[in-house]
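Enquirer: Numbering (this note's numbering), first residue to last: 77 to 985.
(1) Express the C-alpha separation of residue 342 and residue 147 in angstroms, rounding to a whole number.
(2) Could you please give me the residues that DSSP links to residue 685 through a beta bridge?
(3) Report yes or no: do the stretch 714 to 729 and the stretch 747 to 759 share at least 3 C-beta pairs separated by less than 8 Å?
(4) For the beta strand (DSSP E) that contains residue 128, what are its first and last residues?
(5) To which residues of the same chain is residue 503 closer than 6 Å at the C-beta, ignoring the five residues directly before and after it?
(6) Measure the C-alpha to C-alpha separation of residue 675 and residue 509 and round it to an integer number of angstroms.
(7) Okay, do the stretch 159 to 168 and the stretch 815 to 824 touch, 3+ Cβ pairs below 8 Å being the bar?
(8) Tell whether a beta-carbon distance below 8 Å holds between residue 519 and residue 538.
(9) With a cut-off of 8 Å on the beta carbons, I'd call residue 671 and residue 558 a contact; round off their distance for me.
(10) Taking only three categories from DSSP, how would you classify residue 138?
(11) Which partner residues of residue 521 appear in the DSSP bridge assignment?
(12) Among residues of its own chain, excluding the 5 on either side of residue 452, which ones have a beta-carbon nearer than 6 Å to its beta-carbon?
(13) When you compare the CB positions of residue 514 and residue 601, do they come within less than 8 Å of one another, or not?
(14) What would DSSP say about residue 133, mapped onto helix, strand or coil?
(15) Looking only at DSSP bridge pairs, what is residue 376 linked to?
(16) Between the alpha carbons of residue 203 and residue 728, how many angstroms are there, rounded?
(17) Have a look at residue 252 and residue 523 and give me their C-alpha separation to the nearest angstrom.
(18) Taking the alpha helix (DSSP H) that residue 321 belongs to, which residues open and close that run?
(19) Could you tell me whether the stretch 590 to 599 touches the stretch 490 to 503, using the rule of 3 or more Cβ pairs below 8 Å?
(20) Would DSSP call residue 349 helix, strand or coil?
(21) Just reading off the beta strand (DSSP E) that residue 426 is part of, what are its end residues?
(22) Based on Cα-Cα distance, which residue from 287, 748, 175 and 708 lies nearest to residue 1068?
(23) Which whole-angstrom value describes the C-beta separation of residue 759 and residue 457, a residue pair presumed to lie in contact below a C-beta threshold of 8 Å?
(24) Could you check where the alpha helix (DSSP H) with residue 529 kicks off and where it finishes?
(25) Could you say which of 625, 628, 626 and 646 lies nearest to residue 635 if we only look at CA atoms?
(26) Taking the continuous beta strand (DSSP E) assigned at residue 499, which residues delimit it?
(27) Is residue 699 near residue 742, with beta carbons less than 8 Å apart?
(28) Please state whether the Cβ-Cβ distance between residue 650 and residue 505 is less than 8 Å.
(29) Taking C-alpha atoms, which residue in 781, 614 and 480 lies nearest to residue 693?
(30) If you check the beta carbons only, do residue 551 and residue 659 fall under 8 Å apart?
(31) Where residue 377 and residue 403 are concerned, what is the direct C-alpha to C-alpha distance, given to the nearest angstrom?
(32) Kindly indicate which three-state DSSP category residue 537 falls into: helix, strand or coil?
(33) Would you identify the three-state DSSP class for residue 732, choosing helix, strand or coil?
(34) Measure the C-alpha to C-alpha separation of residue 415 and residue 495 and round it to an integer number of angstroms.
(35) When you compare only the Cα positions, how much space is there between residue 323 and residue 294?
(36) Who are the near neighbours of residue 703 in its chain, counting only those whose CB is closer than 6 Å to its CB and skipping five residues on each side?
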């Protein structure tokens, strides 16, 4: 018979085994739920390629300028014009004198000798929304390919080629794909492009001074395979990237007879691809970088991975380094994961990071030397696309600029904290409802636990804190919903950029007070689930600002009226994540927050889907992105408050001024709290290439040294040619370039200590070759080198966990000839209305289930040992990393006092 002591011992052992199994299950669940980040792929452009073309006929006084026409990739270009007539409206519909823009493929069709251009059947246009058109400014002709057949047209929008036989026969102008596919019907929602994926500009407004401007997203064969722009084409034995066209169709106020429209109360415009409107088209040829591999197949390859901040620069530099015969592969992943991988496996290559190995909580630097070479100076930005929409009764000056774009915003750490913590009333969608009071302010009703929301502004634009700095918005009308001014688009996962943003917020007294639960001077309160005070936070734990992610902590969910319990809508539906900062910038340019507001009961499984981009004239999207992606997509960037009390934008000078404040030894980190120069930008970041030379073969060390030497030399020359430092970066100051060159020399010349002999990194069989041939199948950064297969069951590269060890000793794989930026897949996902980071299957629940299991295991483990709890409790991972499964508890004093002494949280070592 067992004694009580033996029974207790057996129970403890069983509990320990159960806890271990739960912890293992939690880790597996988290790994399965990890989301692969999509690599940003900015490409080089050529300065001086802007083109200006004049209009014809009614539009002869107009001049249209496209800012860049050669060396294009998926990016935004400016299309501006002068000499026009101000746009007029029929109610909310565009009526006369507006501009329409589209992208086309093909050779000159010979219809306009003075202005060569493509056939109208080969233009991506006509994918306006088929549903939810109540606020749409089109008439279903000027925003589609619909035409009326007439043998001898007398009005714009009529067509002498397409349409049903007979007078006034309705029809559509077909679309012909580059592969020969022809779509002749249902072109508005065809299989090749739709409202979520098209880059067409249906309506661009001409201001009161006759000028206008739009930013047009240029698409390559990756994003629009049916256009094929940039795909290799062989003619007469020479292979070149396929060129395409940017086509502008102005709509005027005169009919075909040259007389003004008789009835201006209704829309008179027709489809821009009708034969009548097409006669006025202006075509500008576009030259593209090749979407194929930049380097020769079969070349040696060296793997690099890590910070998204390095993606644009690496893409540019690689093109210049191809002649060396070495391909430098790049896999984007969060910096904490890149550091963990390099710490665990020094033979994995070069990691881009903003911090030293061992700098993450719960980690230690690996044994042996690590060389750090500064390679880039960039930073995080708050990018935005905002259009002015004057309030009813606004001044004449405010009315005149309606439809134009806001160029500048001033934001403080507290305002950004309000956005990131879902503290605006309309952010927690449906938690507060209102009823009319008969002429007065509506009466607000809050759901249980959300009474704090009733005193908060609906969104940023109605916040007195924001209006005090940006008074123009007091005259503008914004529909304050989850799709506009209540949140920031943020990327899923862990990054040093997120840590920098939170450090900037934590360094500000007003922001810290707000997050602790103290209302601002207008009475706005923080969402309690983000409060840094355990007494305010409903979880009983303080929200930790020392973090490297952007959590959505509020558990609020809503089932809209009329829908069943399965139609639950939660915060990640209102405010979906994007894959990375590049995707955030692209969605900001497209004015698409991905808000999943439409319930699709017929989907398998049923799910909420995005309605697509916002309507022209009232677009309002803001995001956390990086300076290079913002520059690539021509986003405006907010001016942010620095430690000197000044608002600064991420200009080259402001980034350079911030770099002067960096502190540290081998890795100098820019701390926002120390950015005290008046002209310094607070979210600047220095990127380093980190290499562990003792773990690499001599040939690999030589190649990485060559990359770093180039980055510190010619790679710091600002420009838009291949090999230059792209827009969004500031050249490194001379001392940092000197440090980079010294690190490169150290890597190339490194030799093992005499006691180790030639087997450690130097001999033919020692050390790694940096080919990355074993793991990290994350999206390649466009350098012709995707990661290898997950040979040992590891997670794909770019995920949120540390990648498994790579297989060494294999030959370098041939670089992939496939396009490195899988924009096509991303666009197809967006076209279906799904967030890329949110798979519509049971896998989406892997992370929360894993986290729940991990929490349960973590809670039980300390008791299994019969000892007092030591916090934070961390689960060790390979390579010296660990994951915190139970944080240090900041319990309210009343709760702490109620616990037995043995159960009270005790600070860990």
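Ideal placement from N, C-alpha and C gives every residue a C-beta, glycine not left out.
Expert: Checking against the coordinates, here is how it stands:
(1) 42 Å
(2) 674
(3) yes
(4) 127 to 130
(5) 562 and 563
(6) 20 Å
(7) no
(8) no
(9) 5 Å
(10) coil
(11) 509
(12) 386, 389, 763 and 805
(13) no
(14) helix
(15) 402
(16) 39 Å
(17) 53 Å
(18) From DSSP, residue 321 is part of no alpha helix (DSSP H) but of the beta strand (DSSP E) over 320 to 327.
(19) yes
(20) coil
(21) 426 to 429
(22) Residue 1068 is absent from the model: the chain starts at 77 and stops at 985.
(23) 7 Å
(24) Element bounds for residue 529: n/a, residue is neither H nor E.
(25) 646
(26) Segment: none, residue 499 is in no beta strand (DSSP E) and carries neither H nor E.
(27) no
(28) yes
(29) 480
(30) no
(31) 4 Å
(32) helix
(33) helix
(34) 29 Å
(35) 12 Å
(36) 454, 455, 457, 726 and 804
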